[in-house]
Amino acid sequence: MIISEQKRQQNIQSWHEPALRTLTGLLDKRKKNLERQNRDVNNAAVTRDEFMQALVDQHGAHGIYLYHAGVIISSLYRAKRIRYLGTFIQIIEEGEF
84 MIISEQKRQQ NIQSWHEPAL RTLTGLLDKR KKNLERQNRD VNNAAVTRDE
134 FMQALVDQHG AHGIYLYHAG VIISSLYRAK RIRYLGTFIQ IIEEGEF
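Counting in the working numbering, the sequence shown runs from 84 upward without gaps.
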């Protein structure tokens, strides 16, 4: 069964909010660590690999595998919802662009 490109894109985009919630949780931990060290919490970021693994760990029961996690992350980047800092990822806050 061939799924249309539009349907596939909608399916990927339906994972944006759950993925952003996962990323927010990871970043909150980083911010707490930075705060404890009296460092700038705006520098909080996670690695792409760590984010991918967290998506699989939290949403694997719903059919998310590493490949799918990578596709979702790439889609978030194209939608300007996240930014890369080398191998690290941060959320782009509303109104930042």
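The beta carbon of each residue, even a glycine, is placed where N, CA and C say it ideally should be.
The structure displayed is predicted, hence computed values, not measured ones.
- In the structure shown, THR130 falls within a strand segment according to DSSP collapsed to helix, strand and coil.
- Taking a 10 Å sphere around the C-beta of VAL124, we find fewer than 16 other C-beta atoms and assign the residue as exposed.
- For ARG113, the enclosing alpha helix (DSSP H) starts and ends at 99 to 119.
- Setting aside the 5 residues that flank it on each side, GLY153 is surrounded in the same chain by MET135, each with a C-beta closer than 7 angstroms to its C-beta; the list follows chain order.
- Going by C-alpha positions, ALA162 is about 13 angstroms away from ALA102.
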